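Engineer: Could you have a look at this structure, given as structure tokens, before my questions?
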Amino acid sequence: MSSFVSSSHSPFAIWRATNKYCEPSQSARGASSFPSSDLTMEIIFLVDSITIARYLEWATKTEVNRIWSHKQNVGKFLFLTTRYAPIVAIICNFLTNFRLYWRIGNKGCMALDVIHSVMDLTAASAAEATLLLCLYALLDAKKVWFYVFMILSFAFTVTILILEATDISHQRVLSHQLLPKHWKSLGYPCYFDSSRQSPIIYGVVAYISFTRTALAALLAIATFLHRYRRSGSSMIKVIRREGGLYYLSTTLLRLIDAIIRTPNMPTIIDPADAVTLAIAIYSLRVLAIPILANRLLLNMRKVNENNANTLISTMLFTKTPHTRFGSTTDQMAYEFGADTSDHISVKSFDIPLGALQAQHPNKRLVIGVAVANLVRLGGQSGGHHRVLLVRRVPSEDEFPNAWELPGGGAEVDADKTILDTVVRETLEETSLRVTAITKPIRGFEYSTSKGSAIQFNFLVEVQEAIEVKLNPEEHDEYAWVGLEDLEKASGPFGQESRMGVMRDVVIDAFKKLAEDPSN
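If you're matching positions, the sequence shown starts at 1 in the UniProt record's numbering and goes up one per residue.
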């Protein structure tokens, strides 16, 4: 016997489409031709519910807290929608379609069914929008393609919504008083009659879903090939670094689900097994796609760290107001300490390295060094500053080809304080000797395969800022940049650069230099 929701995208709809032997009189829930499929559905969706609940519990501190602290934006909306809409849908499904041995009134059953359908479609649409936005960002395509993607996605979603709303309006709730005695003994809270729902509408919706997913699959493949050709590194690194594992997995799941849901597809397995397979694939999609979409958004913020010109930095994740220096913000390169000169001095960092580490547990301590070179024109007393940037070699596993300040991680054996790290790393990476550490500037937090890190950045003076000798294993090019370089189309700040949050650090360095009366 089956009591599952019979909306067009529900597991019961999949059962109805794959059940070639169901007579019209058997279309009301409670008359399945495959009784074993009922228990299969209940077990699978119970596993789904437990898995999502456990994932929610496990990921709350490590993921949701990174989103809740930020202002309303597209990224936050998509993240929270794909995260919580499936939870609401699962609760509604549990209340109506599991053997709870209680009764719910007809209006309550219909309301829960409608909420389940709306939340299911909302989660699927939000995941689809997440996928398209991230694919667009990774393609670095012209903005016109962004509007094309969004218009197509909106058109597909609205069409499916209208068709499913039309179909579900033909469904009615069966009153408990009119049910046969053997149905009442099953213990389901709600029973629905889907005999008046149109298989034609279901087929049209399935084909539209298939078309939408097939187009997304082609776009994902094109994006993957584009990133692979441009990176020049191994395919596995591209997948791992650019989030390809998430969007390729998401697309594959949606494609398989759409194929199975499509009517009149060739049947190569027993119909009863087809029902179980359809339920399992649907369940996997309901479980995995929202989680993958969330992970994709979080992973794309690593791309935002390296490329401030992508859609991710301008639309998905608008930067939040700056917080006090040293506060714990999210790990994906959101700044802290915008006004460090007003609150923090270099002297406050002259503490044992272990004491600083205790303030930031489970994070690597990293420094960045803004080496300033004052260029004087025609013997004038004034001048303008240049700040040294270095470019990471292409072979780096983390952030290849990214421009950054010289710097590196603190070493317990070599550094007594983080200020010792500043002196040592400057010498190792540039061959320049630090004579003074003048001011702290904006820092940030980020994450790599090595774990979470917090980077403290400082303005420094050196003996001679003329001859720079790079460590060829880490950097392959350097540049002295000024404020005027911010507007140039080429170079470290150009459209092809991977400066990300480092751009704001450099701007803060120039701000601090301009405030220094000695300059």
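Positions of the beta carbon are idealized from the N, C-alpha and C atoms, including for glycine. Note that the structure is predicted; figures quoted are calculated from it, not measured.
What separation, rounded to the nearest whole angstrom, lies between the Cα atoms of S175 and N106?
Structural biologist: Looking up residue 175 in the sequence shown gives position 175. Looking up residue 106 in the sequence shown gives position 106. Going from the Cα of S175 to the Cα of N106 covers about 7 Å.
Engineer: According to DSSP, is D397 helix, strand or coil?
Structural biologist: Along the sequence shown, one-based indexing puts residue 397 at 397. Coil at D397, not helix or strand.
Engineer: Mind checking which residues open and close the beta strand (DSSP E) that includes L459?
Structural biologist: Stepping through the sequence shown from its first residue, residue 459 is reached at position 459. From DSSP, the beta strand (DSSP E) with L459 extends over G451 to V462.
Engineer: Please report the Cβ distance between P290 and A127, rounded to the nearest whole angstrom; I am assuming they are in contact, meaning their Cβ atoms lie under 8 Å.
Structural biologist: One-based indexing of the sequence shown puts residue 290 at position 290. One-based indexing of the sequence shown puts residue 127 at position 127. P290 to A127, Cβ: 6 Å. Contact.
Engineer: For V366, which residues from the same chain have a beta carbon less than 6 Å from its beta carbon, with the 5 sequence-adjacent residues on both sides left out?
Structural biologist: Here the question's residue 366 lines up with position 366 in the sequence shown. Counting only Cβ-Cβ distances below 6 Å, and skipping sequence neighbours, we find G409, A453 and Q455.
Engineer: Which one or two residues does DSSP pair with K439 in a beta bridge?
Structural biologist: The count along the sequence shown starts at 1 and reaches residue 439 at position 439. According to DSSP, K439 bridges with L459.
Engineer: How about V412 and L356: are their beta carbons less than 8 Å apart?
Structural biologist: By one-based count along the sequence shown, residue 412 stands at place 412. By one-based count along the sequence shown, residue 356 stands at place 356. No, Cβ-Cβ distance for V412 and L356 is not below 8 Å.
Engineer: How many angstroms separate the CA atom of I351 from the CA atom of A514?
Structural biologist: Residue numbering aside, residue 351 sits at position 351 when the sequence shown is read from its first letter. Residue numbering aside, residue 514 sits at position 514 when the sequence shown is read from its first letter. Cα to Cα, I351 sits roughly 28 Å from A514.
Engineer: Compare the beta carbon distance of I52 and L287 with 8 Å and say whether it is the shorter of the two.
Structural biologist: Taking the first residue of the sequence shown as 1, we reach residue 52 at position 52. Taking the first residue of the sequence shown as 1, we reach residue 287 at position 287. Yes. Within cutoff.
Engineer: Taking all protein chains shown into account, do 16 or more other C-beta atoms lie within 10 angstroms of the C-beta of V505, making it buried, or fewer, making it exposed?
Structural biologist: Within the sequence shown, numbered from 1, the residue matching residue 505 stands at position 505. Answer is buried; the Cβ neighbour count reaches 16.
Engineer: Skipping 5 residues on each side, what residues in its chain have a beta carbon closer than 7 Å to that of L135?
Structural biologist: Locating residue 135 in the sequence shown gives position 135, counting from the first residue. Excluding sequence neighbours, L135 sits near L219, A220, T223 and Y247.
Engineer: Would you report the Cα separation of C92 and G407, rounded to the nearest angstrom?
Structural biologist: Indexing the sequence shown from 1 puts residue 92 at position 92. Indexing the sequence shown from 1 puts residue 407 at position 407. Those two C-alpha atoms are separated by around 53 Å.
Engineer: Which residue from Y101, M150, T81 and T421 puts its Cα closest to that of M119?
Structural biologist: Against the sequence shown, residue 119 aligns to sequence position 119. Out of Y101, M150, T81 and T421, T81 has the C-alpha closest to the C-alpha of M119.
Engineer: Taking C-beta to C-beta, are D476 and R424 nearer than 8 Å?
Structural biologist: By 1-based counting over the sequence shown, the position of residue 476 is 476. By 1-based counting over the sequence shown, the position of residue 424 is 424. Contact: no.
Engineer: Within the same chain, show all residues whose beta-carbon is closer than 7 Å to that of S153, passing over the 5 residues directly before and after it, in chain order.
Structural biologist: On the sequence shown, residue 153 is found 153 positions in, with the first residue counted as 1. Cβ neighbours of S153 beyond the five flanking positions: E128, A129 and L132.
Engineer: In its own chain, which residues sit with a C-beta less than 7 Å from the C-beta of L161, not counting the 5 before and 5 after it?
Structural biologist: Numbered from its first residue, the sequence shown carries residue 161 at position 161. Excluding sequence neighbours, L161 sits near L121.
Engineer: Taking only runs that begin and end inside the segment 105-141, name each unbroken beta strand (DSSP E) of 3 or more residues, in chain order.
Structural biologist: Entirely contained in the segment 105-141, not one beta strand (DSSP E) run reaches 3 residues.
Engineer: So, helix, strand or coil for N373, using DSSP?
Structural biologist: Counting from one through the sequence shown, the residue named residue 373 turns up at place 373. Of the three classes helix, strand and coil, the one that applies to N373 here is strand, per DSSP.
Engineer: Leaving out the 5 sequence neighbours to the left and right, which residues in its chain are closer than 6 Å to R83 when beta-carbon positions are compared?
Structural biologist: As a working note, residue 83 is residue 83 in the sequence shown. Result list for R83: N294, in chain order.
Engineer: Provide the residue(s) that pair with W403 in DSSP beta bridges, ordered along the chain.
Structural biologist: As a working mapping, residue 403 is identified with position 403 in the sequence shown. BP columns for W403 point to R391.
Engineer: How is W480 classed by DSSP in three states: helix, strand or coil?
Structural biologist: Indexing the sequence shown from 1 puts residue 480 at position 480. W480 falls in the strand class under three-state DSSP.
Engineer: Do V501 and V369 have their CB atoms nearer than 8 Å?
Structural biologist: The residue labelled residue 501 in the question sits at position 501 within the sequence shown. The residue labelled residue 369 in the question sits at position 369 within the sequence shown. No.
Engineer: For K511, name the three-state secondary structure that DSSP assigns.
Structural biologist: The sequence position of residue 511 within the sequence shown is 511, counting from 1. In the structure shown, K511 sits in a helix (DSSP, three-state: H, G or I).
Engineer: Mark I200 as exposed unless 16 or more other C-beta atoms lie within 10 angstroms of its C-beta, in which case mark it buried.
Structural biologist: Within the sequence shown, numbered from 1, the residue matching residue 200 stands at position 200. Exposed.
Engineer: From which residue to which residue does the alpha helix (DSSP H) around T426 run?
Structural biologist: Start at 1 with the first residue of the sequence shown, and residue 426 comes out as number 426. Its alpha helix (DSSP H) spans residues I418 to T430.
Engineer: Would you check if the distance between the CB atom of residue 523 and the CB atom of P189 is smaller than 8 Å?
Structural biologist: Given that the chain is displayed from residue 1 to residue 519, the structure contains no residue 523 and the question cannot be resolved.
Engineer: In three-state DSSP terms, what is I367?
Structural biologist: The residue given as residue 367 occupies position 367 in the sequence shown. Residue state, collapsed to three classes: strand.
Engineer: Taking the beta carbon of Q359 as the centre, do at least 16 other beta carbons fall within 10 Å, making it buried, or is it exposed?
Structural biologist: Counting from one through the sequence shown, the residue named residue 359 turns up at place 359. With fewer than 16 Cβ atoms within 10 Å of its Cβ, Q359 is classed as exposed.
Engineer: Within 10 angstroms of the Cβ of D167, are there 16 or more other Cβ atoms? Answer buried if so, exposed if not.
Structural biologist: Translated into the one-based positions of the sequence shown, residue 167 becomes position 167. By the 10 Å Cβ count, D167 comes out buried.
Engineer: Rank P472, L296 and T448 by C-alpha distance to the C-alpha of G75 and give the top, closest one.
Structural biologist: In the sequence shown, residue 75 corresponds to position 75, counting from 1. Nearest option by C-alpha distance: L296.
Engineer: To the nearest angstrom, how far is the alpha carbon of G443 from that of L388?
Structural biologist: Here residue 443 refers to the residue found at position 443 of the sequence shown. Here residue 388 refers to the residue found at position 388 of the sequence shown. Using only the alpha carbons, I get a separation of about 17 Å.
Engineer: Considering E164, what are the terminal residues of the alpha helix (DSSP H) in which it resides?
Structural biologist: Here residue 164 refers to the residue found at position 164 of the sequence shown. Run containing E164: K143 to I168, per the alpha helix (DSSP H) assignment.
Engineer: With DSSP as the reference, please indicate the residues paired to G409 in a beta bridge.
Structural biologist: Mapped onto the sequence shown, residue 409 falls at position 409. Answer is V366.
Engineer: Per DSSP, what are the beta-bridge partners of Y446 in this structure?
Structural biologist: Position 446 of the sequence shown, counted from the start, is the residue given in the question as residue 446. Note: Y446 sits in a beta bridge opposite A453.
Engineer: Kindly list the residues whose CB is nearer than 7 Å to the CB of I507, restricted to its own chain and excluding five residues on each side of it in sequence; keep chain order.
Structural biologist: The sequence position of residue 507 within the sequence shown is 507, counting from 1. Excluding residues within five positions, none has a Cβ falling inside 7 Å.
Engineer: Taking 8 Å as the threshold (C-beta atoms), are Q177 and Q197 in contact?
Structural biologist: On the sequence shown, position 197 is the one that residue 197 refers to. On the sequence shown, position 177 is the one that residue 177 refers to. Going by C-beta atoms, Q197 is not nearer than 8 Å to Q177.
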